[in-house]
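Trainee: Residue numbers (full-length UniProt numbering), protein chains in the order written: chain L, 1 to 121; chain X, 1 to 121.
Mind having a look at this structure? Questions to follow.
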DNA sequence: CCGGCGTATCGACAAGCATCGAAGCAAGGA
DNA sequence: TCCTTGCTTCGATGCTTGTCGATACGCCGG
């Protein structure tokens, strides 16, 4: 939580931020790296979480209040549960501003996934 | 299962093969697209499956016999079970050649994920 | 044709997970 | 100070899934 001003989509910024693992095609994954990657993928392996993540990532400013994205067909506690999972997986960050809680896409995340997939251009 | 000749790493080939969904940042995911994407991620959300996938993707020729990758710390039926899951998710294809069964990375898969993550360069 | 080897399927079990309603906590307005 | 609104946590429940041993299937050599 070092930046609070998000000008554009935070996704794909960050450039060299690769906090995870070597490319998946570079050789056998170590059990430890496999565990970390699996955690990331598992967080995205639920349709509801994916829709929440997508809503936040595509929201103006790259952030959204819970009340803006809560309409995904499940109860509000369930939404909160999924957001917590995404936060614990390092995919989102959250910040309380007055009455509302805003969630942002963690900047380095998608870049890390890109590195995983060996997309060096 | 239409191709049997794999010359190089199938990963990242295919170019324009995008059989899945719009980029995750392009707007809200439809429930149907979210379901499809979640299926892909779910298949990669297990450490054992990730290691199997990595072993195949990094194997010379982009394919591997089950016997070459089966050493991931679980029993042989479990390996078979995971390979089936990856195949059902469309991430791998399999082919029997004599006694052995060879698994290959489905060419379009990683390109599709790249598109998802909006990595158009 | 038969025995051995490589894989796949089956059935069972334990652990994990998505979901809900109810209750709790935080912030702001009357 | 109370009440309302936004969000999180709690406890329970039913479904999914990772794992195994046992078994079945497919292919080849003798």
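Glycine included, C-beta positions come from ideal geometry on N, C-alpha and C.
On a predicted model such as this, the values are computed, not experimentally measured, just so you know.
#1: Does the beta-carbon distance from residue 69 of chain L to residue 52 of chain L come in below 8 Å?
#2: From residue 65 of chain L to residue 100 of chain L, what does the alpha carbon distance come to, in whole angstroms?
#3: Can you grab the Cα-Cα spacing for the pair residue 96 of chain L / residue 31 of chain L, in whole Å?
#4: For residue 5 of chain X, collect the residues of the same chain with a Cβ closer than 7 Å to its Cβ; drop the 5 residues on either side in sequence, then sort them by chain order.
#5: Taking 8 Å as the CB-CB cut-off, is residue 107 of chain L touching chain X?
#6: Could you confirm whether any beta carbon from chain L is found closer than 8 Å to the beta carbon of residue 115 of chain X?
#7: Comparing C-alpha positions only, which one of X:61, X:82 and X:91 sits nearest to residue 71 of chain X?
#8: Considering only residues of the same chain and omitting the five flanking positions on each side of residue 43 of chain L, which have a CB-CB separation below 7 Å?
#9: Enumerated in chain order, which unbroken segments of the alpha helix (DSSP H) with a length of 4 residues or greater are wholly contained in the UniProt domain "HTH arsR-type" (29 to 121) of chain L?
#10: Output, in chain order, the set of chain L residues within a Cβ distance shorter than 7 Å of residue 85 of chain X.
#11: Residue 80 of chain X touches chain L at which residues, Cβ-Cβ below 8 Å?
#12: Could you check the C-alpha separation between residue 110 of chain L and residue 74 of chain X for me, to the nearest Å?
#13: Please report whether the beta-carbon of residue 29 of chain X lies at a distance below 8 Å from any beta-carbon of chain L.
#14: Check each candidate in L:63, L:36, L:24 and L:26 and name the one with the smallest Cα separation from residue 106 of chain L.
#15: Suppose you measure from the CA of residue 61 of chain L to the CA of residue 36 of chain L; what does that come to, to the nearest Å?
#16: Mind checking whether residue 94 of chain L and residue 24 of chain X have CB atoms under 8 Å apart?
Mentor: On the basis of the supplied data:
#1: As a working note, residue 69 of chain L is residue 69 in the first chain. As a working note, residue 52 of chain L is residue 52 in the first chain. In contact: residue 69 of chain L and residue 52 of chain L (Cβ atoms closer than 8 Å).
#2: Here residue 65 of chain L refers to the residue found at position 65 of the first chain. Here residue 100 of chain L refers to the residue found at position 100 of the first chain. Cα to Cα, the separation comes out at about 6 Å.
#3: Within the first chain, numbered from 1, the residue matching residue 96 of chain L stands at position 96. Within the first chain, numbered from 1, the residue matching residue 31 of chain L stands at position 31. Cα to Cα, the separation comes out at about 37 Å.
#4: The sequence position of residue 5 of chain X within the second chain is 5, counting from 1. Note on residue 5 of chain X: pLDDT 29, under 50, position unreliable in the model; the coordinate value appears next. The answer is none, since no qualifying residue turns up.
#5: As a position in the first chain, residue 107 of chain L is number 107, starting the count at 1. So no, residue 107 of chain L is outside the interface.
#6: Here residue 115 of chain X corresponds to residue number 115 of the second chain, with the count starting at 1. For residue 115 of chain X, the answer is no, since every Cβ of chain L falls outside 8 Å of its Cβ.
#7: On the second chain, residue 71 of chain X is found 71 positions in, with the first residue counted as 1. Among X:61, X:82 and X:91, the Cα nearest to that of residue 71 of chain X belongs to X:82.
#8: In the first chain, the residue the question calls residue 43 of chain L occupies position 43. Contacts found: 49, 85, 86, 89 and 91.
#9: 31 to 43, 47 to 57, 66 to 69, 76 to 88 and 107 to 116
#10: For the purposes of this step, residue 85 of chain X is taken as residue 85 along the second chain, with counting starting at 1. Chain L residues near residue 85 of chain X: none, gap ~12 Å exceeds 7 Å.
#11: If you number the second chain from 1, residue 80 of chain X lands on position 80. Within 8 Å Cβ-Cβ: nothing; residue 80 of chain X doesn't reach chain L, min ~19 Å.
#12: Taking the first chain and counting its residues from 1, one reaches residue 110 of chain L at position 110. Taking the second chain and counting its residues from 1, one reaches residue 74 of chain X at position 74. Each residue's Cα considered, the two are about 31 Å apart.
#13: For the purposes of this step, residue 29 of chain X is taken as the residue at position 29 of the second chain. Chain L, which has a Cβ nearer than 8 Å to the Cβ of residue 29 of chain X, makes this yes.
#14: Taking the first residue of the first chain as position 1, residue 106 of chain L is located at position 106. Residue 106 of chain L has its Cα closest to that of L:63, out of L:63, L:36, L:24 and L:26.
#15: Numbered from its first residue, the first chain carries residue 61 of chain L at position 61. Numbered from its first residue, the first chain carries residue 36 of chain L at position 36. Going by the C-alpha atoms only, they are around 28 Å apart.
#16: As a position in the first chain, residue 94 of chain L is number 94, starting the count at 1. As a position in the second chain, residue 24 of chain X is number 24, starting the count at 1. No, the Cβ-Cβ distance between residue 94 of chain L and residue 24 of chain X is not below 8 Å.
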